[in-house]
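*Asks:* Let me give you the structure first, and then I'll get to my questions.
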Amino acid sequence: MTFRLAAYAVCIDAGRVLLVHHRATGHWTLPGGGVEHGEDPIETPVRELLEETGYRGAVERLLGVDSRIIPGAERLQPGPEHQNVGIYYRVSITGGDLRAEPDPEIVAAAWVPVDDVANLRRSSLVAIGLGLNEHTPADGHVAPVPIGGLVEH
1 MTFRLAAYAV CIDAGRVLLV HHRATGHWTL PGGGVEHGED PIETPVRELL
51 EETGYRGAVE RLLGVDSRII PGAERLQPGP EHQNVGIYYR VSITGGDLRA
101 EPDPEIVAAA WVPVDDVANL RRSSLVAIGL GLNEHTPADG HVAPVPIGGL
151 VEH
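Read in order, the letters of the sequence shown are residues 1 to 153 in full-length UniProt numbering.
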């Protein structure tokens, strides 16, 4: 089994959520990514937000933590099972200009009306982040998100 610790920025403004579109998977997801060696996880979503969208941000609060096991056959490149532990933060935009990452990994960044998210091909990370933002459970954990249709790992 492989393992990844990641942190994600949930940015909400005027009924819209900030999403990024990945080239490799073809789906929309939250700005965020792997916690680098020696990096405090609270710094990760702010760093990734700047890299992927051009926006500077500030963490407002911890929303919760999610742990998912992705079966090997369902991975983008089949392999061993993969555990992703995601830390979700509510992040406010403090400056910068919206743009896609200059790296070819992110092909677009956009503010999407929350009501329109259900119509997008998207990562389950989006549902997790929006769910934590809306309900903020006391234990910081959401129920599993069903995979299928427009929702992917």
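Each residue gets a CB set at the ideal place from its N, CA and C atoms; glycine is no exception.
Since the structure is predicted, the reported quantities are computational estimates derived from the model, not experimental observations.
Rounded to whole angstroms, what's the CA-CA distance from residue 155 to residue 31? Just pull it up for me.
*Replies:* This structure cannot settle anything about residue 155, because the visible part of the chain is limited to 1 through 153.
*Asks:* Check whether the stretch 6-24 and the stretch 105-113 touch, using three or more Cβ-Cβ pairs below 8 angstroms as the test.
*Replies:* yes
*Asks:* By how many angstroms is the C-alpha of residue 116 removed from the C-alpha of residue 7?
*Replies:* Roughly 24 angstroms separates the two Cα atoms.
*Asks:* Skipping 5 residues on each side, what residues in its chain have a beta carbon closer than 7 angstroms to that of residue 94?
*Replies:* Same-chain partners within the cutoff: 56, 57 and 58.
*Asks:* Are the stretch 126-134 and the stretch 61-69 touching, with three or more C-beta to C-beta distances below 8 angstroms?
*Replies:* Yes, the stretch 126-134 is in contact with the stretch 61-69.
*Asks:* Have a look at 114, 3 and 96 and flag the residue whose alpha-carbon is nearest the alpha-carbon of residue 52.
*Replies:* 96
*Asks:* Based on the DSSP output, what are the partners of residue 145 in its beta bridges?
*Replies:* According to the DSSP secondary-structure assignment, residue 145 is paired through a beta bridge with no residue.
*Asks:* Cutting at 7 angstroms between CB atoms, please list the residues of its own chain near residue 146, excluding the five before and the five after it.
*Replies:* none
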